[in-house]
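Student:
There are 2 protein chains.
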Amino acid sequence: MTPKHFSRSEIESMEQRYRVKFINSLPGYKSLNLVGTISPDGEDNVSIVSTVTHFGSAPPLLGYVSRPATVDRHTLSNIEANGCYTLNQVSTAHFAAAHQTSARYPRETSEFDATGLERVFRDGIEAPFVASSPVQIHLEFRQKIDIELNGTVLILGEVKDVFVDPKLIETDGNIDLALAATAAGSGLDGYYAPELISRVSYAKPDQPVTDLATGEELWKSC
Amino acid sequence: MTPKHFSRSEIESMEQRYRVKFINSLPGYKSLNLVGTISPDGEDNVSIVSTVTHFGSAPPLLGYVSRPATVDRHTLSNIEANGCYTLNQVSTAHFAAAHQTSARYPRETSEFDATGLERVFRDGIEAPFVASSPVQIHLEFRQKIDIELNGTVLILGEVKDVFVDPKLIETDGNIDLALAATAAGSGLDGYYAPELISRVSYAKPDQPVTDLATGEELWKSC
Numbered sequence: 148m149t150p151k152h153f154s155r156s157e158i159e160s161m162e163q164r165y166r167v168k169f170i171n172s173l174p175g176y177k178s179l180n181l182v183g184t185i186s187p188d189g190e191d192n193v194s195i196v197s198t199v200t201h202f203g204s205a206p207p208l209l210g211y212v213s214r215p216a217t218v219d220r221h222t223l224s225n226i227e228a229n230g231c232y233t234l235n236q237v238s239t240a241h242f243a244a245a246h247q248t249s250a251r252y253p254r255e256t257s258e259f260d261a262t263g264l265e266r267v268f269r270d271g272i273e274a275p276f277v278a279s280s281p282v283q284i285h286l287e288f289r290q291k292i293d294i295e296l297n298g299t300v301l302i303l304g305e306v307k308d309v310f311v312d313p314k315l316i317e318t319d320g321n322i323d324l325a326l327a328a329t330a331a332g333s334g335l336d337g338y339y340a341p342e343l344i345s346r347v348s349y350a351k352p353d354q355p356v357t358d359l360a361t362g363e364e365l366w367k368s369c
Numbered sequence: 148m149t150p151k152h153f154s155r156s157e158i159e160s161m162e163q164r165y166r167v168k169f170i171n172s173l174p175g176y177k178s179l180n181l182v183g184t185i186s187p188d189g190e191d192n193v194s195i196v197s198t199v200t201h202f203g204s205a206p207p208l209l210g211y212v213s214r215p216a217t218v219d220r221h222t223l224s225n226i227e228a229n230g231c232y233t234l235n236q237v238s239t240a241h242f243a244a245a246h247q248t249s250a251r252y253p254r255e256t257s258e259f260d261a262t263g264l265e266r267v268f269r270d271g272i273e274a275p276f277v278a279s280s281p282v283q284i285h286l287e288f289r290q291k292i293d294i295e296l297n298g299t300v301l302i303l304g305e306v307k308d309v310f311v312d313p314k315l316i317e318t319d320g321n322i323d324l325a326l327a328a329t330a331a332g333s334g335l336d337g338y339y340a341p342e343l344i345s346r347v348s349y350a351k352p353d354q355p356v357t358d359l360a361t362g363e364e365l366w367k368s369c
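Respectively, the protein sequence lines represent chains X and H.
Residues 148 to 369 in this note's numbering are what the first sequence lists, from first letter to last.
Residues 148 to 369 in this note's numbering are what the second sequence lists, from first letter to last.
(1) So which of 254(H), 282(H), 275(H) has the shortest CA-CA distance to residue 239(H)?
(2) Mind listing the chain H neighbours of residue 232(X)? Cutoff is C-beta to C-beta under 7 Å, in chain order.
(3) Can you tell which of 249(H), 334(H), 245(H) has the C-alpha that lies nearest to the C-alpha of residue 266(H)?
(4) Determine, using beta carbons only, whether residue 299(H) comes closer than 7 Å to chain X.
(5) Where in the stretch 225-297 of chain H do unbroken runs of the alpha helix (DSSP H), each at least 4 residues long, occur, reported from the N-terminal end onward?
(6) By the 10 Å Cβ neighbour count, where 16 or more other Cβ atoms means buried, how is residue 228(H) classified, buried or exposed?
(7) On the three-pair Cβ rule with 8 Å, is the stretch 334-344 of chain X touching the stretch 328-341 of chain H?
(8) Is it right to say residue 320(X) is buried, meaning 16 or more other beta carbons lie within 10 angstroms of its own, or is it exposed?
(9) Can you check whether the C-beta of residue 383(X) is within less than 7 Å of a C-beta belonging to chain H?
(10) Tell me, which residues are paired with residue 346(X) by DSSP?
(11) Within 7 Å (strictly less), CB to CB, does residue 268(H) reach chain X?
(12) Answer yes or no: does any C-beta atom of chain H fall closer than 7 Å to that of residue 289(X)?
(13) Going by other Cβ atoms of all chains shown within 10 Å of its Cβ, with 16 needed for buried, is residue 308(X) buried or exposed?
(14) Evaluate the contact criterion for the stretch 229-236 of chain H versus the stretch 178-187 of chain H: three or more CB pairs, one atom per stretch, below 8 Å.
(15) Take residue 207(H) as the anchor and find which of 198(X), 296(X), 303(X) has the nearest alpha-carbon.
(16) Starting from residue 168(X) and walking both ways along the alpha helix (DSSP H), at which residues does that stretch end?
(17) Suppose contacts are defined by Cβ-Cβ distances below 7 Å. Is residue 225(X) in contact with residue 192(X) by that definition?
(18) If you drop the 5 nearest sequence neighbours on each side, which residues of the same chain put their C-beta closer than 8 Å to that of residue 316(H)?
(19) Assign residue 163(H) to one of two classes, buried (16 or more other C-beta atoms within 10 Å of its C-beta) or exposed (fewer than that).
(20) Run through DSSP, which three-state label would residue 156(X) get?
(21) Mind listing which residues of the stretch 170-198 of chain X have their C-beta closer than 7 Å to chain H's C-betas, in chain order?
(22) Comparing the C-beta of residue 342(X) with each C-beta of chain H, is any distance below 7 Å?
(23) Spell out the partners DSSP gives residue 303(X) in its beta bridges.
(24) Can you give me the C-alpha to C-alpha distance between residue 299(H) and residue 201(X), rounded to a whole angstrom?
(25) Which residues does DSSP pair with residue 181(H) in a beta bridge?
(26) Please check the pair residue 196(H) and residue 301(H), which I expect to be a contact at CB under 8 Å, by giving their CB distance rounded to whole angstroms.
(27) Compute the Euclidean distance between the alpha carbons of residue 268(X) and residue 204(X), then round it to the nearest angstrom.
(28) Short of 8 Å Cβ to Cβ, which residues in the stretch 149-160 of chain H face chain X?
(29) I want to verify the contact list: residues of chain X whose CB lies under 8 Å from the CB of residue 243(H), in sequence order.
(30) Under a Cβ-count criterion, where at least 16 other Cβ atoms within 10 Å of its own Cβ denotes burial, should residue 289(H) be classed as buried or exposed?
(31) Does the stretch 352-360 of chain X touch the stretch 346-365 of chain H, meaning 3 or more C-beta pairs lie closer than 8 Å?
(32) For residue 287(X) and residue 161(H), what's the separation of their Cα atoms in angstroms?
(33) Could you check where the beta strand (DSSP E) with residue 364(X) kicks off and where it finishes?
(34) Could you tell me if residue 304(X) is buried or exposed, where buried requires 16 or more neighbouring beta carbons within 10 angstroms of its beta carbon?
(35) Mind checking who residue 151(H) pairs with in its DSSP beta bridge?
(36) According to DSSP, is residue 318(X) helix, strand or coil?
Below you can see the structure in the form of structure tokens.
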């Protein structure tokens, strides 16, 4: 294929919604999670985010990007007020209800009630989990970083508890996301069911890349 | 299913490699991109990253997380010295060679030469693209944000040029990642081929979520 060149000025001249969908496709596939929070008044809230990213394992840190004064506002103010929140992987079974949490409901409406996603509260954790999520994570809010380039914020949290069916955990600690029926996202509105191609060996110079299950060589030095 | 509770102290007591794989599975699916850079001496470099995230569309901003003093070091110092770099979506056709870029080659070895991934230089852009990547992006380095919680850094760049086959762009600007054969990642070593479940309508309170192609209602208010 011969790729076409889209210069920045051509991108800027795209119709606004067209441009937003184009730009949102550039990173590739996205993680999909539901953020569960509760306000100081006890009103809970759940909203879908597609930017949850691994920042480190020691301590276990996850981050996500939030717009400061839009849809995500209730979630953000709840996290800052309460100090804890949950992340719940979106599954292929409830992706449409998860998508619906992005609708701009009034503040007094809990998206749990509006979408029918079932909330679960657990002892000692002051934020709601999504019952039907295959991987449910309790986080402690650690830092908000203002991104001055565009006014967004990066929310960093430390993993405190994880709730997951042990059948989904492989012998080496990896969670089998395909077995979990976790969904992947793309752009603003695409939902995907990924199929495993391969789990591969740790890469070392002058060693082939092999499939962990079959031992098949998938790449080798010429 | 009844999920099992893993407390933070149980997570900390996991064997180190087990724990790293477990923690890396928590965000869900990951974007997979190859970062192309060149040093002031003209030595190019390509390395796989699984943390590229959309930070905004106006201006178009992408970020990724880098460890400051490890494998990624050449890439990071090249970006800082040169001011530009490329991101190239990993495809299901070259995922094993893309994985091999994570091997710790000596500084004088270009991962392009070591892995056989084909480089492309384009007029006026001082960083190499990956020829076989379906979506190739030229970025200008804008900011490095130190994450003090764990010593990682967030690299933010502004999209300057995009190279993509126009056949992959849908009528509304969305890039069809399944048609592009873009791969998704999970954990440290999982490579996936996602299948589209649905592209869905923009969510509004009291409106159903429908499939954009068929009009089928996928969720509606009770």
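Positions of the beta carbon are idealized from the N, C-alpha and C atoms, including for glycine.
Tutor: Answer, in terms of the structure:
(1) Here the closest residue by C-alpha is 282(H).
(2) Correct list: empty, because the minimum Cβ distance to chain H is about 14 Å.
(3) 245(H)
(4) yes
(5) 242-247, 258-262
(6) exposed
(7) yes
(8) buried
(9) Because residue 383(X) is not part of the residues shown, which for chain X are 148 to 369, the question remains open.
(10) 337(H)
(11) no
(12) yes
(13) buried
(14) In short, these stretches touch, since the Cβ pair count reaches three.
(15) 296(X)
(16) In this chain, the alpha helix (DSSP H) harbouring residue 168(X) covers 163-172.
(17) yes
(18) Sequence-distant Cβ neighbours of residue 316(H) in its own chain, meaning closer than 8 Å and more than five residues away, are 322, 323.
(19) Residue 163(H) is exposed by the Cβ-count criterion.
(20) helix
(21) For the stretch 170-198 of chain X, the residues whose beta carbon sits under 7 Å from a beta carbon of chain H are, in order, 170, 171, 172, 173, 174, 175, 176, 177, 178, 179, 180, 198.
(22) yes
(23) 210(X), 290(X)
(24) C-alpha separation (whole angstroms): 11 Å.
(25) According to DSSP, residue 181(H) bridges with 195(H), 235(H).
(26) That belief does not hold up - the Cβ atoms of residue 196(H) and residue 301(H) are roughly 12 Å apart, past 8 Å.
(27) 26 Å
(28) The residues in question are 149, 150, 151, 152, 153, 154, 155, 158.
(29) 345, 347, 356, 365, 366
(30) buried
(31) no
(32) 20 Å
(33) 364-366
(34) buried
(35) In the DSSP secondary-structure assignment, residue 151(H) is bridged to 311(X).
(36) In the structure shown, residue 318(X) sits in coil (DSSP, three-state: anything other than H, G, I, E or B).
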